[in-house]
Amino acid sequence: MSMPNPLPAKASIIIVGAGIQGLSLAFNLAELGVRDILVLDAGYWQGGASGRNGTLIRGAFSSPEWTRFFAHSCELWQGLSRRLGENVMYSRRGYTMVGERSATAGLLDRTLAVHKECGIHSHLLTPGRLREVLPALAHERVSAALHLPDSGVAPHHAAMHAYRRACEARGVSIHYRTCVTAIDQSAGRVSGVRVGDQRIASDTLVLAGGAQSNALAQMAGVPLDGYPMRLEAMALEPTRPLIGPAVALLDRLCYMHQTARGEVVGGAEVAERPQHTLNADVPVMAATARAYVEMFPQLGHARILRQWAGLVHISKDFGPLLGAHHALPGLFVSAGWCYGHAGAPAAGELLAKAIVSGQVDERMRPFAVDRFELNRPVVEPGIVLSHFE
Amino acid sequence: MRRVDLRLEHASGEVVGFFWNDRPVQGRRGESLATALLANGIKVLAWTRKSHRPLGYSGNYLSGVLARVDGVPNVRLDLFPVAAGVRVEMQNCWPSPAFDVLRLSRLIPSGWIQGGFEHTNLVPSGTALFQRWEAILAFLAGSARPATHTGEVAVPPARRLSAGRLVIGGGPAGCAAANEAAAQGLDVVLVTRGHDLARYARAAGLARPVLDERVTLVTGVEVFGAYREGALLLGAPHDPSLGALALEAEEIVLATGRRACPPVVPGMWLPGVMEARTALIMASEQAVAPGERVVVVGNGDQEALARRLRQLGVKVVAVRPLGDLRRVAGRNRVKAAYFAERIACDALVHSGPWLTEASLTFQGRAEGLLQLHEQRPCDWQLVGAAAEPDQPVPVAAPASRHTLLCPCFDVSSHEVQALVEQGITDLEVIKRLTSCGMGPCQGQPCWDSLRAWVSARSGIALELLARPTLRPPRRALSVAQAAGLADVVEPLK
Ligand SMILES: Cc1cc2nc3c(=O)[nH]c(=O)nc-3n(C[C@H](O)[C@H](O)[C@H](O)COP(=O)(O)OP(=O)(O)OC[C@H]3O[C@@H](n4cnc5c(N)ncnc54)[C@H](O)[C@@H]3O)c2cc1C
Chain A
1 MSMPNPLPAK ASIIIVGAGI QGLSLAFNLA ELGVRDILVL DAGYWQGGAS GRNGTLIRGA
61 FSSPEWTRFF AHSCELWQGL SRRLGENVMY SRRGYTMVGE RSATAGLLDR TLAVHKECGI
121 HSHLLTPGRL REVLPALAHE RVSAALHLPD SGVAPHHAAM HAYRRACEAR GVSIHYRTCV
181 TAIDQSAGRV SGVRVGDQRI ASDTLVLAGG AQSNALAQMA GVPLDGYPMR LEAMALEPTR
241 PLIGPAVALL DRLCYMHQTA RGEVVGGAEV AERPQHTLNA DVPVMAATAR AYVEMFPQLG
301 HARILRQWAG LVHISKDFGP LLGAHHALPG LFVSAGWCYG HAGAPAAGEL LAKAIVSGQV
361 DERMRPFAVD RFELNRPVVE PGIVLSHFE
Chain B
1 MRRVDLRLEH ASGEVVGFFW NDRPVQGRRG ESLATALLAN GIKVLAWTRK SHRPLGYSGN
61 YLSGVLARVD GVPNVRLDLF PVAAGVRVEM QNCWPSPAFD VLRLSRLIPS GWIQGGFEHT
121 NLVPSGTALF QRWEAILAFL AGSARPATHT GEVAVPPARR LSAGRLVIGG GPAGCAAANE
181 AAAQGLDVVL VTRGHDLARY ARAAGLARPV LDERVTLVTG VEVFGAYREG ALLLGAPHDP
241 SLGALALEAE EIVLATGRRA CPPVVPGMWL PGVMEARTAL IMASEQAVAP GERVVVVGNG
301 DQEALARRLR QLGVKVVAVR PLGDLRRVAG RNRVKAAYFA ERIACDALVH SGPWLTEASL
361 TFQGRAEGLL QLHEQRPCDW QLVGAAAEPD QPVPVAAPAS RHTLLCPCFD VSSHEVQALV
421 EQGITDLEVI KRLTSCGMGP CQGQPCWDSL RAWVSARSGI ALELLARPTL RPPRRALSVA
481 QAAGLADVVE PLK
């Protein structure tokens, strides 16, 4: 993790963005034997969304497309410490989706059916069982709860540390505080990038710039769906364990868990005009706090240590934009991530394979970059996010 | 244990009984629990998270004054007034404060736990043992039992206050800024965290300033955060049963004064070390001395501070320039201060290095990040001590395991030195590798200590080392208080 060498004049692949997407991809490319991989990042290590998220890893959703992709990723998380040779601290503590309204109970029934169809291990919790799993919950408010026993959390500092170390051990060159300012093309394909005055040649370029993805696409002169969206979270002062699994309070668009450090970390979505800032605001903190007081009354006395914001890139259907860009040969994209922490191991693996061998895995295909132009959005009803009307 | 008597002559006579770890103790009406415990000779109030080092009432490290009060964890003892029958219990003990097995963790070599729990490769995930191991880590790191279940918790309604001029800080400079605006016919609100005006100035012997009666005075409220490019500020009363405050004003004046950050020398975290403001207010208002034999150090103002403490009846045994202090020694509390010579003492009061409160100004002008945009200028007015430049933080020469930059997380200068030697000088990165400053005080004062250390060791000028992002609400706000804000602050539409 020491100071990197000066920038090289060329690289076999340049990845813009050293968040978890960029690093996971770099690691998987190195594992496939690619050499001279260069990863460039404008900010500091973990300065992007990959150091600001809720760290939840959800292995199943309400649509078969999302479920197949994220179930694969969740499986990879479970063996990731061994693969990277560093501890990612993946905690297989389970993920409980809690519904309060009766309509939400209906959604959970339909979700369970999708999980069955995809061969996912999940089950509805009886009131008695829910009391054992989440004793601190205000059970009188609950209409239904669906539990994913294989899902969980992995602290982003551990995951980012492990990916970075594993990349460096495989000779990947990672440069933080290094902003890509232009993208070069020649003969109708990618030919390199520029960092200020310096030119770095490469015929393969991957945009993994998170919230800056549209700006990067613009530099390459290609269209890209999506826009930056601010998400916020907050951490409570630590206590000994009170909340076991990761929890989604579906009717409040709220997710949370108690970290291995004892802090309850989570956030609730509030409809707001999209903000392009890393300043946190008040409404999310207030809505999250309200969800906590009502659903976990013991948290009412707890004090809020800190709140923060991160920027993610949101596509029309909230799904990732993953694969080759149809408008510029040599250009690949990993963007549109609102669950990009959970999805990183699978995205890195499948995209690396697509880049090296040209084969597009079935689990990745639905999230093709040009799906909106082809009018093939992926409908996922089970995520805790919404567009601002 | 020898009976200590730290009560000064002017103490109030009204005795109030409460409990410390089930043992009855006595305080006096009007003082805080932290002061009352100190007056009883109880100096160790808490333990650090990982190595179980003792912490006490310092005025700097919040974790030193957090304890369980009547079933609620992490209550600030320095803000909670003594009341009859209150049950105060030490945290981070197991199975009990009297028989605490966790104290054995002081024997663990500090190298094993560097980098925090999250960077340990001891038990990797994916192995059969991991979930059990994680549960142990969570238990240890959590330090305190969750609040006792008492059914629903009431949400105190929040209030909105707007003003022509908002003054934050009720010292002489804040009062003057408020009076001046009131005289011009402006609608003025003055918010101060103290329960009364100018506590520090009065403790130092000055008169209570007179506040124009047209000024709306709000006391006992900590203004902890600035939002929406400084257009909205939030404050929270220390009393968690009262609602939070959303503040708006055409003009904002910060009269938040300064605080004395601990110099970076070994042992500065030991119980018995106290910041000058805290010591002075305690001795004057609450009539309790910081110790029986007190050493005073300062950046030029040490003689004046010592004189005032002596007037109040405190026994000051030595007065020295801050820069001469080499280390503070003791195992569970201060036993001596080392300068060119050793001076036996049980308390050390440091007047400086004086730093301004940086988080509000940071939030008022930052785009929240030092990441992709520049900071914007802040058009708030700074008055009084808040307008003075920060003093440099003295740094002792060798790296040491006893020099804690962040006591709450046991981050020592030794640990940070190892990173600096690898070429890692980005404070945001060091924060993420060590957890420095991520405890209850949220980087105040730890990031100042960290910054001073990295600058001294790397040769990088202080101005080029940006502090990590200062995030609200720094535990000033409870979850129930925050919930009340939903009714008074609309999302941006
Ligand atoms: C509050 C919050 C909570 C979240 N909770 C979860 C959760 O529980 N589970 C989950 O799976 N996901 C969650 N997410 C989403 C998740 O964090 C992101 O999807 C994921 O981190 C995306 O990774 P990334 O690598 O694509 O982006 P980032 O981590 O943002 O990385 C992009 C990088 O690109 C760099 N960059 C941009 N422009 C340039 C340029 N011109 N030159 C060089 N570098 C550039 C940036 O500096 C940045 O570091 C959450 C996000 C937030 C903000």
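Top line first, the protein sequences correspond to chains A and B. Quick note: the first sequence uses UniProt numbering, first residue 1, plus one each step. Quick note: the second sequence uses UniProt numbering, first residue 1, plus one each step. C-beta: ideal position from N, C-alpha, C; glycine also.
Endpoints, alpha helix (DSSP H) assigned at residue i
i: L216 (chain A); result: 213–220
i: Y200 (chain B); result: 199–203
i: Y255 (chain A); result: Run containing Y255 (chain A): none in the alpha helix (DSSP H); it sits in the beta strand (DSSP E), 254–258.
i: N179 (chain B); result: 172–183
i: L450 (chain B); result: 446–458
i: F130 (chain B); result: 130–142
i: R365 (chain A); result: It is not in any alpha helix (DSSP H) - R365 (chain A) carries neither H nor E in the DSSP assignment.
Beta-carbon spacing of residue i, residue j below 9 angstroms
i: A255 (chain B); j: A386 (chain B); result: yes
i: A39 (chain B); j: D70 (chain B); result: no
i: P228 (chain A); j: I314 (chain A); result: yes
i: T178 (chain A); j: A42 (chain A); result: yes
i: R194 (chain A); j: A9 (chain A); result: no
i: V489 (chain B); j: R457 (chain B); result: no
i: T403 (chain B); j: L382 (chain B); result: no
i: L253 (chain A); j: S386 (chain A); result: yes
i: V328 (chain B); j: G267 (chain B); result: yes
i: L166 (chain B); j: L247 (chain B); result: yes
i: W354 (chain B); j: R259 (chain B); result: yes
i: F27 (chain A); j: Y339 (chain A); result: no
i: G94 (chain A); j: G262 (chain A); result: no
i: V72 (chain B); j: S32 (chain B); result: no
i: R25 (chain B); j: A36 (chain B); result: The question names Arg, yet the displayed sequence has Val at residue 25 (chain B). Contact: yes.
The beta strand (DSSP E) enclosing residue i, as first and last residue numbers
i: C406 (chain B); result: 404–406
i: P64 (chain A); result: Per DSSP, P64 (chain A) belongs to no beta strand (DSSP E); it is in the alpha helix (DSSP H), 64–78.
i: M97 (chain A); result: 95–99
i: H175 (chain A); result: 173–175
i: V218 (chain B); result: 216–218
i: R259 (chain B); result: 258–260
i: Q26 (chain B); result: 23–28
i: I168 (chain B); result: 159–168
i: E31 (chain A); result: From DSSP, E31 (chain A) is part of no beta strand (DSSP E) but of the alpha helix (DSSP H) over 20–31.
Residues bridged to residue i [DSSP beta-bridge criterion]
i: I243 (chain A); result: For I243 (chain A), which the question treats as bridged, DSSP gives no partner whatsoever.
i: E232 (chain A); result: A:A309
i: K10 (chain A); result: A:A201
i: S102 (chain A); result: Answer is none; S102 (chain A) lacks a bridge partner.
i: A335 (chain A); result: A:L321
i: S186 (chain A); result: A:R189
i: H147 (chain A); result: A:T96, A:H123
i: A344 (chain B); result: B:A336
Short CB-CB distance (under 9 angstroms) between residue i and chain C
i: D281 (chain A); result: Protein chains in the displayed structure are A and B, and chain C is not among them.
Exercise for the section: Select from the stretch 288–308 of chain A all residues with a C-beta closer than 7 angstroms to any C-beta belonging to chain B, and list them in chain order. Expected result: A289, R290, Y292, V293, P297, Q298, L299, G300, H301, A302, R303, I304, L305, R306, Q307, W308
Handout entry: Interface positions of the stretch 151–183 of chain B facing chain A (Cβ-Cβ less than 9 angstroms), listed along the chain
Key = G151, E152, V153, A154, V155, A158
Handout entry: Against chain B: residues of the stretch 89–118 of chain A by CB proximity under 9 angstroms
Key = M89, Y90, S91, R92, R93
Practice task
Report the residues of the stretch 155–169 of chain A with a CB closer than 7 angstroms to any CB of chain B, ordered along the chain.
Solution key: P155, H157, A158, H161
Practice task
Taking only runs that begin and end inside the stretch 277–328 of chain B, name each unbroken beta strand (DSSP E) of 3 or more residues, in chain order.
Solution key: 294–298, 316–321
Problem - the stretch 206–227 of chain A: positions lying closer than 8 angstroms to chain B by Cβ - result: Q212
Problem - Short-range partners of chain A found in the stretch 184–205 of chain B, where Cβ spacing is below 8 angstroms - result: none
Practice task
Using a Cβ-Cβ cut-off of less than 7 angstroms, list which residues of the stretch 275–300 of chain B approach chain A; keep chain order.
Solution key: none
Problem - Contact list for the stretch 22–56 of chain A against chain B, Cβ threshold 9 angstroms - result: A42, G43, Y44, W45, Q46, G47, G48, G51
Exercise for the section: With 9 angstroms as the C-beta to C-beta threshold (strictly closer), list the residues of the stretch 55–66 of chain B near chain A in chain order. Expected result: L66
Exercise for the section: Check distances from the C-beta atoms of the stretch 259–271 of chain A to those of chain B and list, in chain order, the residues that come in under 7 angstroms. Expected result: A260, R261, G262, V270, A271
Practice task
Enumerate, from N- to C-terminal direction, the unbroken beta strand (DSSP E) stretches of 3 or more residues contained entirely within the stretch 81–105 of chain B.
Solution key: 87–89
Problem - Contact set between the stretch 235–260 of chain A and chain B, restricted to residues whose Cβ is under 8 angstroms from the partner - result: L236, E237, P238, T239, R240, P241, L242, Q258, T259, A260
Practice task
Anything in the stretch 125–153 of chain B with a Cβ closer than 9 angstroms to a Cβ of chain A? List those residues in chain order, please.
Solution key: S125, G126, T127, F130, Q131, E134, A135, L137, A138, F139, L140, A141, G142, S143, A144, R145, P146, A147, T148, H149, T150, G151, E152, V153
Practice task
Name, going along the chain, the residues of the stretch 54–80 of chain A whose beta-carbon falls closer than 9 angstroms to a beta-carbon of chain B.
Solution key: W77, Q78, G79, L80
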